[in-house]
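Before any comments, here is the structure.
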Amino acid sequence: MMLQQTQVDRVLPKYEEWIRKYPSLGTLASARPADVARTWRPLGYNVRPRRLHWIAREVMTRYDGELPSDETTLRSFKGIGAYTAGAIQSFAFGRRAPIVDTNVARVLFRVFVGRGDRTTTSLKKHLWSLSAAVLPRQNVFDFNQALMDLGAMVCVSRRPQCPICPMRPICEAYPFEADAERNRA
DNA sequence: GTCCCGAATT
DNA sequence: AATTCCGGAC
């Protein structure tokens, strides 16, 4: 939840501090709201700590202290949307669940679509089906992680590193990116 | 200004 | 589909 629309570099130190202070959902659940809010600062989107706190309490009272692993229950919590539910399932539980965040959306769009409007609802749905389609049956954790890392480090928004990209041979957008790069030179 | 391991609300 | 929530790096 910290990573929702917030960069890894900014989350990492806060995550360490957070886990030291609240090493389990139980300790988080019994913390005071003001304390939780203060610890969160200055990550932003301050509704997130409130929702996370509430989730911790719900898990302790209604789910016997164990975070549920199924899509429907995870999505029933305020603060856990499509991406976070997929991340929890695949990263925490090793389940075969697709993810689409900003980075993955960019990678899948470039590799399999290439051009067009990226803001439409139908395209968003298409990207989710692509993410599910390319998902292997094993090593889901590593695959999803690699997909995100590719988007974060190689297939970046501005000046993507096409020359070192393993997807270049099949990438629908590569011709256009190479074109853009040529124009800079 | 754009972007970031989004989600809820309208 | 558009808006709101937030902050820091670039």
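Anchor point for the first sequence: position 28 equals 28 in this note's numbering, and the numbering is continuous, going up by one each time. Note that the Cβ used here is the ideal one computed from N, Cα and C, for glycine as well. Only a predicted model underlies this, so the values are computations on that prediction, with no experimental measurement involved.
- Here leucine 12 is exposed: its Cβ has fewer than 16 other Cβ atoms, across all protein chains shown, within 10 Å.
- Annotation: the continuous alpha helix (DSSP H) that includes methionine 60 extends over 47-62.
- Tyrosine 22 counts as buried, since no fewer than 16 other beta carbons sit within 10 angstroms of its beta carbon.
- Where valine 140 is concerned, the enclosing alpha helix (DSSP H) starts and stops at 140-153.
- Valine 36 is classed as buried because its beta carbon has at least 16 other beta carbons within 10 Å across all chains shown.
- Between glycine 94 and valine 140, the C-beta spacing is below 8 Å.
- Within the same chain, and ignoring the five residues on either side of glutamate 172 in sequence, the residues whose Cβ sits closer than 8 Å to its Cβ are Arg110, Val111, Phe112, Val113, Gly114 and Arg115.
- Contact check for leucine 108 against serine 122 fails: the beta carbons are separated by 8 Å or more.
- When the Cα atoms are used, valine 100 and lysine 124 turn out to be separated by approximately 9 Å.
- Sequence-distant partners of leucine 28 (beyond 5 residues in either direction) whose C-beta falls short of 8 Å from its own C-beta, in its chain, are Tyr22, Val36, Leu52, His53 and Ala56.
- Note on phenylalanine 176: under 16 other CB atoms within 10 angstroms of its CB, so exposed under the neighbour-count rule.
- Scanning its chain for C-beta atoms nearer than 6 Å, with the 5 sequence neighbours on each side dropped, one finds around serine 69 the residues Phe93, in chain order.
- Going by beta carbons, arginine 137 and arginine 182 fall outside the 8 Å limit.
- Looking at the backbone, the Cα of alanine 105 and that of threonine 6 are separated by about 16 Å.
- Under the three-state reduction of DSSP output, tyrosine 22 falls in the coil class, being neither helix nor strand.
- Using a Cβ distance threshold of 8 Å, arginine 32 and methionine 1 do not count as a contacting pair.
- In this structure, the alpha-carbon of proline 169 lies about 22 Å from that of arginine 184.
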